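Visitor: As you go down the protein sequences, you meet chains F and A in turn.
Residue numbering for the first sequence follows this note's numbering, beginning at 1 and increasing consecutively.
Residue numbering for the second sequence follows this note's numbering, beginning at 1001 and increasing consecutively.
Even for Gly, the Cβ is constructed at its ideal location relative to N, Cα and C.
Computed from a prediction, not measured in an experiment: that's the story for all the values here.
Protein chains: 2
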Amino acid sequence: MARPLVGHMDPAFVSMMEEIKGMLRRVFQTKNDMTFPVSGTGSAGMEFCFVNLIEPGDEVIIGVNGVFGMRMCDVAERCGARVTRVESTWGQIITPRQIAEALKTVPRPKLVAVVHAETSTGALTPVEDIARLAHDAGALFLLDTVTSLGGCPVDIDGWQVDAVYSGTQKCLSAPPGLAPVSLSPRAMQVATGRKTKVQSWYLDVNLLSSYWGSERVYHHTAPISMNYGLHEALRLVLEEGLENRWRRHEKNHLLLKGGLAEMNLEIVSQAGHQLWQLNAVGVPAGVDEAAVRKQLLTDSNIEIGAGLGPMKGKIWRIGLMGETSREKNVETVLIALRKALKK
Amino acid sequence: MARPLVGHMDPAFVSMMEEIKGMLRRVFQTKNDMTFPVSGTGSAGMEFCFVNLIEPGDEVIIGVNGVFGMRMCDVAERCGARVTRVESTWGQIITPRQIAEALKTVPRPKLVAVVHAETSTGALTPVEDIARLAHDAGALFLLDTVTSLGGCPVDIDGWQVDAVYSGTQKCLSAPPGLAPVSLSPRAMQVATGRKTKVQSWYLDVNLLSSYWGSERVYHHTAPISMNYGLHEALRLVLEEGLENRWRRHEKNHLLLKGGLAEMNLEIVSQAGHQLWQLNAVGVPAGVDEAAVRKQLLTDSNIEIGAGLGPMKGKIWRIGLMGETSREKNVETVLIALRKALKK
């Protein structure tokens, strides 16, 4: 990111844009032409997907099992969608059965959306069957992969995801600032065939496709340095290999889980569906959870997350994402936790 | 920007946010509490202003004398505004008389908006009288300062601007990626007293004010590295001093203008209102303007801009912005142009 800047229409940058698109396709496991980084953080990627696919009055089914499912509902409603919420207890997954149930009430939705890896709860929802149900109902399937991409299997074409967004700062290990997205040809058909204009000029894929596509029509000024960062991060992901990267995340998650068990601490997300990259640890009764986080930050330079919403005060969230998913880091956080808890 | 990352809620980053807000206030010359960088490029700043202030059906008067006035109309219409265009020939300014004329037809608009420095044409519109007319009509006054901020006088409180946006990559000389914005208390009253929700979740100032304000409620993940870059850029602007910086931009503009005159080249924007930081040079008859730009880029590593819209093929746009407004650069571009034109 410290490389000298070039103009956003400079041939050198244009080649880099093509390389970024190519590498993103490999990481998303997709052939989708419309695969590129939105010039904003992950939530801008979420908004990109909804503003382009939704028109006022559209029916949408959204799985809600944490902060980011709630956020999707808010974003969709601001696009004029009629939202049907499919709710699970925080920490639990969204099941195909729940979606099938919702489809009985709303049989022809425009879109079904779920969060793959809920950063707020540590639950990983399997999505292949949900995607199938969505398609059987004639709907598009939208997936949030902010925390999953690069840290566990994400297979956009294999799972037939129509719209997906992610962030750079989780398992891709670039700084925050861009939101990789991908739209299937079916999603592009919906976006280009709209009756109304996309409500956001900045995120309108009909304009963005001319800039990120072969026409190179000026739209906005892309954040050059952020794209340098993403380019290098993607190169490192592919150098390691997706499969190797997933195995590393899995291994270090199990290592952490084992160490936590020795302290009688446990991961509270649904058994069998726990994220490797985000570990939701139950706070033991009588422990001041904020004091522990503060001590870790002050004494050991380790930031762990607090619980959000109904999990506030009840969990710590320990990230082992991308470059930070290392044996050494697992050992360090275990030692620091042991010290803070005087175990 | 190569500094190690910290979390977006880390106390170290929170202090930096406060410093950025403080320095932005000095550069904008405002006391507005709601002064901060939007997590997107300049056009996201434009969208931020319109989505927060406009509700469907609102009347808006927009000055159009180049690409960015046109863009404002598009963005405003996507918010449901009824837009009245006040048009000038590209390269000319928008006059108070034109705005007064429009106010006869639309006597109570919600908002009057103009572009201060039109990057596409090189014209600088004086805005103090326009702001007064807007306020006399009970409207808010919105100003685009993407290219002016840091390169020529911008006085938000003195001119009574209610909403302003800028970009980092022009005269502030940071990489592109953030959009500094500021809303007056009057604009904040409008934004917080809306009947409808802001259509963009990502840009909703009602949510952003809790993150950038004292509550520090998590909204989106701010682009940390970009904020490092902006922080340092603002520090350098204030170290030089606003007045010194403006004088430097003026001096180098005059130097370029003199050198161009010796080659019988002239700046085509309206006399008396030519930007110091963006010089719109008329392409002489019979010259292949694209070939000249290509030669400058290839032989001398200099990127100059092409004309846009009705000025396509008719002008070159030579930027002398922020750090690049240097005597040495003026000499270099003059030599390169002389060579390309064989003068």
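1) Where does the unbroken alpha helix (DSSP H) through residue 1045 (chain A) begin, and where does it stop?
2) Output needed for residue 1259 (chain A): all residues of its chain with C-beta closer than 6 Å, excluding positions within five of it in sequence on either side, in chain order.
3) Any beta carbon of chain A sitting closer than 9 Å to that of residue 47 (chain F)?
4) Could you please give me the residues that DSSP links to residue 315 (chain F) through a beta bridge?
5) Could you give the distance in angstroms between the alpha-carbon of residue 137 (chain F) and the alpha-carbon of residue 192 (chain F)?
6) With H, G and I counted as helix, E and B as strand and the rest as coil, what does DSSP make of residue 1122 (chain A)?
7) My output table needs one value for residue 34 (chain F): the three-state DSSP class, helix, strand or coil.
8) Compute the Euclidean distance between the alpha carbons of residue 91 (chain F) and residue 150 (chain F), then round it to the nearest angstrom.
9) Decide if the stretch 1070-1084 of chain A is in contact with the stretch 1212-1222 of chain A; the criterion is three or more beta carbon pairs, one per stretch, under 8 Å apart.
10) Using a Cβ-Cβ cut-off of 9 Å, state whether residue 1303 (chain A) counts as contacting chain F.
11) Going straight from the alpha carbon of residue 130 (chain F) to that of residue 96 (chain F), what length do you get?
12) So for residue 1202 (chain A), helix, strand or coil by DSSP?
13) Short check: CB of residue 1305 (chain A) to CB of residue 1318 (chain A), under 9 Å?
14) What are the residues that DSSP puts in a beta bridge with residue 1274 (chain A)?
15) Quick test of your reading: residue 1024 (chain A) and residue 1041 (chain A), contact by CB under 8 Å. State the CB separation rounded to the nearest angstrom.
16) So, at 8 Å on beta carbons, what are the nonlocal neighbours of residue 1133 (chain A) in its own chain, with the 5 sequence-adjacent residues on each side left out?
17) Would you check if there are 3 or more beta carbon pairs closer than 8 Å linking the stretch 274-290 of chain F to the stretch 51-66 of chain F?
18) Which residue marks the beginning of the alpha helix (DSSP H) containing residue 24 (chain F), and which one marks its end?
19) Which residue wins for smallest C-alpha separation from residue 1124 (chain A), given the options A:1286, A:1054, A:1204, A:1270?
20) Between which two residues does the beta strand (DSSP E) containing residue 1182 (chain A) stretch?
21) Output the residue ranges of the alpha helix (DSSP H) runs that lie fully inside the stretch 108-168 of chain F and measure 4 residues or longer, sorted by chain position.
22) Name, in chain order, the residues that DSSP records as bridge partners for residue 1085 (chain A).
23) Use the C-beta contact count for residue 1325 (chain A): other C-beta atoms within 10 angstroms, 16 or more gives buried, fewer gives exposed.
24) Beta-carbon separation of residue 145 (chain F) and residue 117 (chain F) under 9 Å?
25) Contact criterion: CB-CB distance below 9 Å. Does residue 1211 (chain A) meet it with respect to chain F?
26) Taking the Cβ atom as the reference point for each residue, do residue 1194 (chain A) and residue 1047 (chain A) lie within a distance shorter than 9 Å?
27) Counting pairs of Cβ atoms below 8 Å between the stretch 1226-1235 of chain A and the stretch 164-174 of chain F, do you hit three or more?
28) Rounding to the nearest angstrom, what Cα-Cα distance links residue 1331 (chain A) and residue 1255 (chain A) in this structure?
29) For residue 189 (chain F), does the count of other Cβ atoms within 10 angstroms reach 16, so buried, or fall short, so exposed?
30) Output yes or no for whether 9 Å exceeds the beta carbon distance between residue 1203 (chain A) and residue 1052 (chain A).
31) What are the residues that DSSP puts in a beta bridge with residue 1306 (chain A)?
32) How should residue 328 (chain F) be labelled, buried or exposed, when 16 other C-beta atoms within 10 angstroms of its C-beta is the threshold for buried?
Guide: By the coordinates alone:
1) 1042-1053
2) 1334
3) yes
4) F:282
5) 21 Å
6) coil
7) strand
8) 21 Å
9) no
10) yes
11) 5 Å
12) coil
13) yes
14) A:1123
15) 16 Å between Cβ atoms; not a contact.
16) 1096, 1099, 1100, 1103, 1112
17) no
18) 11-28
19) A:1270
20) 1179-1183
21) 128-136
22) A:1062
23) buried
24) yes
25) no
26) no
27) no
28) 9 Å
29) exposed
30) yes
31) A:1316
32) exposed
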